[in-house]
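With the numbering used here, you'll find the sequence shown wraps up at 79, consecutive numbering, no jumps.
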Amino acid sequence: KSVAVAVASLIAKVYRDNVMKKYASKDPYYDFENNACYVTKKHVEGLRKHGITPIHRRDFEPIKSMIKRGGNNGQ
């Protein structure tokens with residue numbers, strides 16, 4: 005059972021990485037291909053300069069705080 009879970013987790017990660025690379029080619033300002041769901045300095049700089057994209061999750065930080073402050077709601 006745990007082997008199946010481990011394999012499924014690996015498949016999901018590879019799939020997510022590929023999706024994020026596609027988003028990165030569309031919106032290169034956010035460092036999507038490198039941030040692995042953790043906020044990086046380059047990602048935050050992209051948010052400040054270019055705003056929030058439709059793929060940004062609005063219930064996670066720092067997006068949540070940006071929206072509360074009336075910040076850049078993006079594209």
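No residue lacks a Cβ here, since even glycine has one placed at the ideal position from N, Cα and C. These figures come from a predicted structure and were not determined experimentally.
- Its chain contains no residue whose beta carbon lies nearer than 8 Å to that of V18 once the 5 sequence neighbours on both sides are disregarded.
- If you draw a straight line from the Cα of R20 to the Cα of E49, it comes to about 22 Å.
- In this model, A12 and N22 are separated by some 15 Å (Cα to Cα).
- Here H54 has Y33 as same chain residues with Cβ atoms under 7 Å from its own Cβ, once five neighbours each way along the sequence are excluded.
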